[in-house]
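Structure, as structure tokens:
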Amino acid sequence: MAQEPQNQAEQNAGPVFSIEKLYVHDASIEVPNAPAIFTERTTPQINVELGNAVEQVQDGIFNVSIKVTVTAKIEDKTAFLVEVNQSGIFAIRNVPQENLEPILSVACPNILFPYAREAISDMVTRAGFMPVLLNPINFEALYLQQQQQAAQAAGAPN
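The sequence shown maps to residues 154 to 311 in this note's numbering.
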């Protein structure tokens, strides 16, 4: 009987969202054309790729990761390639199921991205290049675009 009041109390409790831990899961930088690349005076072309992943660790505990890859090229030569996998463990409880995915796909990456951006800038600077200052990313717009693409794919004939 003691179990019922506890479950009932949990059901009546308000939503919970907390950051349990933020950490760099993986980070690397490559400068494949050093030292010759440092004699180039041309500004490199920057390409940014972004991905994210969600894993439920326990009931109400989620590990969210964003992977940011930045490649800088001068003509056909890679100046540097930096990759950061920034992760966070989040406690999310008493949230309606329809609200869980937007929290995991928008709110959590919004928290993680500034840390990934800082790690990338620091690594690029330590590698001998000018810092890369990534623009903010609108994770809400990305999420809505993914939802729209998924809806179109579901409605498309095979």
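Ideal Cβ positions, reconstructed from N, Cα and C, are used throughout, including at glycine.
6 Å CB neighbourhood of residue i in its chain, flanking five on each side removed
i      : result
PRO168 : ASN247 and VAL248
GLU173 : ILE242 and ALA244
ASN205 : ILE219 and PRO262
GLN299 : none
ALA166 : ASN247
Contact set for residue i: own chain, Cβ-Cβ below 7 Å, skip 5 residues either direction
i      : result
PHE266 : ILE219 and ILE290
ALA133 : The requested residue 133 is not part of the displayed model; the chain covers only 154 to 311.
ALA187 : none
GLY213 : ALA244, ILE245 and ARG246
PRO197 : ALA225, LYS226, ILE227 and ALA232
Chain-order list of residues whose beta-carbon lies under 8 Å from that of residue i (same chain, five-residue window excluded)
i      : result
ALA272 : VAL177, ALA180, VAL237 and GLN239
TYR268 : LEU175, VAL177 and GLN239
Residue i, enclosing alpha helix (DSSP H) - first and last residue
i      : result
THR195 : THR195 -> no alpha helix (DSSP H), and no H or E assigned at all.
TYR274 : One detail in the question is off: residue 274 reads as Ser in this sequence, not Tyr. It spans 261-279 - the alpha helix (DSSP H) in which SER274 sits, taken as one unbroken run.
PHE191 : Taken as a continuous stretch (DSSP letters only), PHE191 belongs to no alpha helix (DSSP H), as it is neither H nor E.
ALA294 : 292-308
First and last residue of the uninterrupted beta strand (DSSP E) at residue i
i      : result
PHE233 : 230-246
LEU253 : Unbroken run through LEU253 is the alpha helix (DSSP H), 250-255; no beta strand (DSSP E).
LEU175 : 169-183
Whether residue i touches residue j by CB criterion (8 Å)
i      : j      : result
PHE215 : VAL207 : yes
ALA244 : SER171 : yes
VAL285 : ILE227 : no
PRO262 : VAL217 : yes
MET283 : VAL235 : no
ARG270 : LEU287 : yes
ILE264 : LYS230 : no
Residue i - DSSP class collapsed to helix/strand/coil
i      : result
ILE219 : strand
ALA166 : coil
Check: residue i C-beta below 7 Å from any heavy atom of the ligand SAH
i      : result
ALA269 : Because no ligand of any kind appears in the structure shown, any question about the ligand SAH cannot be addressed here.
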